[in-house]
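The opening position of the sequence shown corresponds to residue 125 in this note's numbering, with each subsequent residue numbered one higher.
Glycine included, every Cβ here is placed at the ideal spot set by N, Cα and C.
Accompanying notes for the structure given below.
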Amino acid sequence: MIQFKKLAGALLVITLPLAAFSQDVKTKACEYRTDGKSGAHGMRLSFWVPCNWNRLEPTNESILASYSQSLPDSGTLTHTLTIDKMPQALPPEQLSGLFSSDGMKMIARQHGKYVSGSKVRIGEWDAAEIRYWNQYKQGNGMLYSYGVQYYLPMGDKIINISYLTGSGDKDQSKKLFAAHEEEFRTAAKTLLVR
């Protein structure tokens, strides 16, 4: 069983297996499997998520898993995994476009404003690692988020793993992201395709 360290922080909204907890507290991680889920499109994936997180009801069929934890300072941690089925496998020129700066900017625009992007490896697969930020009106104030998404094309499917930090203060959200970015990458790398 994998252990995640707990790190205190403000609002964190995440999309996949994330560890976000306090340095001195160990949290058990539980394995999640997509076996038999209709939104998995026949893919058998597994990843680790902290056992004490609450499982959220998916808002649509493409969301396979979404987890959240409220923090004492009113922040929230959230993780989600999606798989999109394409009409056919992406041809090589579209794959290289996905991993290009322009391709990553296009993906980021779906979620906010592009910050940066790079090509990374998750297991034996290439992935686009895309950082972005956004702001949302929430109640009487604003919510600022910084996020990273991992897009893994596999044949005619694209796996999407996302992590966000959020706060009512833009600078605080940015600092949270900087403090947790390596954990997000480590958590994304727990993804196994079986």
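Item	Value
Buried or exposed: which applies to R179, given that a residue is buried once 16 or more other Cβ atoms fall within 10 Å of its Cβ?	exposed
What's the gap between the Cα of T314 and the Cα of T289?	20 Å
Return the CA-CA distance between G227 and G221, expressed in angstroms with no decimal places.	5 Å
Between E306 and D159, what straight-line distance do the alpha-carbon atoms span, to the nearest angstrom?	28 Å
With distance defined between alpha-carbon atoms, name the residue in M278, K281, L300 and I254 nearest to Y268.	L300
Based on Cα-Cα distance, which residue from Y156, G247 and E181 lies nearest to F171?	Y156
Is it right to say A311 is buried, meaning 16 or more other beta carbons lie within 10 angstroms of its own, or is it exposed?	buried
Select from P174, Y275, W177 and G265 the residue whose C-alpha is nearest the C-alpha of S291.	G265
So, under 8 Å CB-CB, N258 and G236 are touching, yes? Tell me the CB distance rounded to an integer number of Å.	3 Å
DSSP state of M228, grouped into three classes?	helix
Work out the CA separation of D295 and D208 for me, nearest whole Å.	33 Å
Below 6 Å CB to CB, which residues in the same chain sit around K229 once its five sequence neighbours on both sides are set aside?	Y238
Would you kindly check if the distance between the Cβ of S186 and the Cβ of T202 is under 8 Å?	no
Within the continuous beta strand (DSSP E) that includes Q218, where are the two ends?	Note, Q218: premise wrong, no beta strand (DSSP E); alpha helix (DSSP H) at P216 to L222.
Tell me where the beta strand (DSSP E) around S170 begins and ends.	L169 to P174
Could you have a look at Q296 and say whether DSSP puts it in helix, strand or coil?	helix
State yes or no: is the C-beta of L188 within less than 8 Å of the C-beta of L316?	no
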